[in-house]
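To start, the structure itself, in structure tokens.
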Amino acid sequence: MITKQRKLIVCLVLLLLGWQSPVWAVSFDCDALNEFSAFHTDCFGETSRRFRDGTGQYTITIDQKDSNGECNSGYDRLRLEDKNGVEIWSVDVPEGTAGDYVREHWDTIFKDDIPSIVNTPTMLRLSTTHIASLISRYIARIMAPKGGRSFLEPPQDDDGQTNDELKSELVTGLAAGDQLSRFSLWANAGYSDWDDDNRTSDADGYLSTFIVGADYRLAESVVLGLSLIYEHSDIDTDYNNGHLDQDGFTVAPYLGIVLNDYFTLAATVGYAWLDTDQKREKGSDHAVKSSLDSTRFFGSVHLDGFYRKHNFNLTGILGCLYSQERQDSFTEDDKHRVGSHNIDLGELSVGAEVSYSFIAAEPYFAATFLYDFQYEDVKNVDYDDTAVELNPGVRFYLDNGFCADIQAGFVLGRSEYDEYSFTANLRYEF
Numbered sequence: 106m107i108t109k110q111r112k113l114i115v116c117l118v119l120l121l122l123g124w125q126s127p128v129w130a131v132s133f134d135c136d137a138l139n140e141f142s143a144f145h146t147d148c149f150g151e152t153s154r155r156f157r158d159g160t161g162q163y164t165i166t167i168d169q170k171d172s173n174g175e176c177n178s179g180y181d182r183l184r185l186e187d188k189n190g191v192e193i194w195s196v197d198v199p200e201g202t203a204g205d206y207v208r209e210h211w212d213t214i215f216k217d218d219i220p221s222i223v224n225t226p227t228m229l230r231l232s233t234t235h236i237a238s239l240i241s242r243y244i245a246r247i248m249a250p251k252g253g254r255s256f257l258e259p260p261q262d263d264d265g266q267t268n269d270e271l272k273s274e275l276v277t278g279l280a281a282g283d284q285l286s287r288f289s290l291w292a293n294a295g296y297s298d299w300d301d302d303n304r305t306s307d308a309d310g311y312l313s314t315f316i317v318g319a320d321y322r323l324a325e326s327v328v329l330g331l332s333l334i335y336e337h338s339d340i341d342t343d344y345n346n347g348h349l350d351q352d353g354f355t356v357a358p359y360l361g362i363v364l365n366d367y368f369t370l371a372a373t374v375g376y377a378w379l380d381t382d383q384k385r386e387k388g389s390d391h392a393v394k395s396s397l398d399s400t401r402f403f404g405s406v407h408l409d410g411f412y413r414k415h416n417f418n419l420t421g422i423l424g425c426l427y428s429q430e431r432q433d434s435f436t437e438d439d440k441h442r443v444g445s446h447n448i449d450l451g452e453l454s455v456g457a458e459v460s461y462s463f464i465a466a467e468p469y470f471a472a473t474f475l476y477d478f479q480y481e482d483v484k485n486v487d488y489d490d491t492a493v494e495l496n497p498g499v500r501f502y503l504d505n506g507f508c509a510d511i512q513a514g515f516v517l518g519r520s521e522y523d524e525y526s527f528t529a530n531l532r533y534e535f
């Protein structure tokens with residue numbers, strides 16, 4: 106027999122669907138809930154249930170097996186189907202939490218704004234952390250004080266003395282006594298690939314970015330610059346058989362200050378304009394399409410410390426990032442209207458980089474601990490607010506005022522989430 110508690114939970118689910126959904130127009134008869142069919146009895150004696158509403162148009166199932174067909178995995182599968190057996194929606198929920206799950210996730214699961222909300226926090230975090238980190242690390246390298254290595258400073262020999270004969274082979278081409286260059290132009294191309302296997306936000310995609318920037322040295326210890334960023338995201342939203350494309354432009358001024366012989370401060374702010382096209386499947390071979398506009402703001406502050414011993418360089422990293430995205434309301438082509446939505450991200454970063462300087466190259470390895478102290482998410486049960494990012498790379502000091510930086514990135518420690526990236530930076534100073 107079905108327990109009174111489970112009947113109450115299922116009735117709540119059906120009432121919510123019938124009362125709230127303008128798309129499905131579901132009208133359930135809760136008095137018919139005693140008429141159910143058992144169709145699985147192989148999960149350690151637990152029986153899955155299928156319920157039919159009074160109209161005969163829909164069925165809802167609480168399955169003891171999860172979406173992978175596993176018993177006793179800690180999850181039940183909640184599924185809604187039409188009269189033809191076509192799945193309208195399904196999700197794996199922790200055992201015994203079907204009713205609570207419906208109440209908590211109504212706005213993001215049972216309405217039709219799933220693509221714009223479920224993966225937007227991931228896209229916000231990926232884009233803003235990627236851009237802010239690139240700019241902050243760029244500032245740190247060009248502003249490295251006497252305690253550490255910069256693009257403008259030649260390596261030392263084993264006795265700690267500068268080898269003047271090597272200066273002509275470095276990026277700056279400066280002779281002894283020459284002044285630092287005032288202007289710099291730089292460009293950066295980046296690619297990030299991510300895969301989210303969490304049950305309620307299953308998706309995978311990539312982010313590509315292209316940055317151009319210019320800066321001016323106001324004084325020996327102060328640099329002021331401006332960067333322009335284009336980004337493109339392409340995502341398959343597997344949880345609803347959908348797809349999402351997003352394009353955006355960002356304006357980001359930045360400031361670098363040398364505090365003393367060992368520390369620098371880097372600050373940047375950015376404002377972005379984003380355009381998103383998305384589609385999802387609803388029912389049998391029917392794609393619902395929509396477009397929406399959004400804006401994004403972020404601010405980042407980094408404190409970097411430098412220490413050098415002969416050709417070895419050690420850099421300490423302490424950073425804070427805050428970002429917010431504001432999505433405008435939009436209407437899907439089936440006339441369903443979705444309201445505006447805000448997403449917030451606050452992240453702290455603590456890390457270190459070690460490098461070794463040769464005449465024309467500097468290989469390095471960086472490791473950074475990340476903590477999301479504020480993260481507005483659809484809050485799937487598996488979300489982790491900490492991670493570690495690993496960044497191996499190499500810098501090249503070329504002739505005629507050019508220098509380059511090639512870096513890979515790997516994010517570890519987030520449950521059911523993988524991310525890797527690749528960036529290339531080229532800088533010219535004059």
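Counting from 1, position 384 in the sequence shown corresponds to residue 489 in our numbering; the numbering is continuous, with no gaps.
Backbone N, C-alpha and C fix where the C-beta goes; we use that ideal spot for every residue, glycine too.
For clarity, every value in this text was computed on a predicted model and none was experimentally measured.
- For the options Asn177, Thr369 and His407, the alpha carbon positioned closest to that of Glu325 is the one of Thr369.
- Along the stretch 359-429, the beta strand (DSSP E) occurs as fully enclosed runs of 3 or more residues at 368-386 and 392-414, listed in sequence order.
- Residues Arg182 and Asp197 of the same chain have their beta carbon placed closer than 6 Å to that of Ser172, with the five preceding and five following residues left out of the count.
- Counting of Cβ neighbours within 10 angstroms places Ile244 among the buried residues, the total reaching 16 or more.
- In this chain, the beta strand (DSSP E) harbouring Thr342 covers Val327 to Thr342.
- Taking C-beta separations shorter than 8 Å and ignoring five residues to either side along the sequence, the partners of Gly518 in its chain run Asp489, Thr491, Ala492 and Val493, following chain order.
- If the five residues before and after Gln429 are omitted, its C-beta is found closer than 6 Å to the C-beta atoms of Phe402 and Asp449, all from its own chain and listed in chain order.
- Here Ser313 carries a strand assignment [DSSP, helix/strand/coil].
- Judged by DSSP secondary structure, Ile247 falls within the alpha helix (DSSP H) whose first and last residues are Thr225 to Ile247.
- The shortest C-alpha to C-alpha distance from Glu452 to any of Gly179, Tyr321, Leu231 and Tyr344 is the one to Leu231.
- The Cβ atoms of Tyr311 and Asp300 lie no closer than 7 Å to each other.
- Checking the DSSP bridge columns, you'll see Asp449 partnered with Gln429.
- Boundaries of the beta strand (DSSP E) harbouring Gln479: Ala466 to Tyr480, taken from the DSSP string.
- In the same chain as Ser178, and ignoring 5 residues on each side of it, the C-beta atoms closer than 7 Å to its own belong to Asp171, in chain order.
- In the three-state reduction of the DSSP assignment, Asn530 falls in the strand class, which pools E and B.
- Taken through DSSP and simplified to helix, strand or coil, Asn345 comes out as helix.
- Under the DSSP definition of a beta bridge, Gln512 partners with Gly498 and Thr528.
- Contact annotation, Phe527 with Ala513: C-beta distance approximately 5 Å; criterion of less than 8 Å satisfied.
- The stretch 349-363 and the stretch 321-341 touch, with no fewer than 3 CB-CB distances between them shorter than 8 Å.
- Leu183 sits in a strand when the DSSP states are folded into three classes.
- Classified as buried, Ser241 has 16 or more neighbouring CB atoms from the shown chains inside 10 Å of its CB.
- For Asn293, the pairing in a beta bridge is given by DSSP as Ile316 and Asn530.
- DSSP, reduced to helix, strand and coil, places Ser434 outside both helices and strands of the structure shown, so it counts as coil.
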